[in-house]
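In the UniProt record's numbering, the protein residues as written are 1 to 124.
Where is the CB? At the ideal position from N, CA and C, for every residue including glycine.
Below is one structure; the comments refer to it alone.
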């Protein structure tokens with residue numbers, strides 16, 4: 001066990017760089033869902049000591065990461081249930097007949113949604 005600890009201490013910069021390159025590569029290749037890559041890399045960095053346990057606990061004390069995770073869940077549900085496709089096809093059909101009205105509807109929908117929801121998920 002001491003041999004592993006000595007190796008990690010002596011080569012920590014290279015191991016950290018390898019983890020970072022591996023993380024970016026996995027995100028770019030998209031072989032695994034981003035949540036799997038993110039959680040696995042955070043767990044590896046926590047186990048190897050690159051990420052202190054106290055810092056990891058502080059992340060969950062802040063409501064922002066929980067809110068972002070909830071938005072991912074909500075957007076995934078909207079895509080899987082077909083709501084996004086239904087709205088997009090309806091807007092696309094009307095765009096061909098009434099292009100100016102469609103632009104107004106998009107702006108109006110964005111205006112209304114941004115009044116009720118945090119602006120992070122309101123992107124048109």
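| query | result |
| --- | --- |
| Could you give the C-beta distance for residue 26 and residue 37, rounded to a whole number, given that I count them as a contact under 8 Å? | 5 Å |
| First and last residue of the alpha helix (DSSP H) that includes residue 85? | 83-97 |
| Distance, Cα to Cα, residue 92 vs residue 29? | 31 Å |
| Looking at C-beta atoms only, is the number of pairs between the region 72-85 and the region 41-48 that lie closer than 8 Å three or more? | no |
| Between which two residues does the alpha helix (DSSP H) containing residue 63 stretch? | 63-80 |
| Give the straight-line distance between the Cα atoms of residue 106 and residue 40, rounded to the nearest whole angstrom. | 38 Å |
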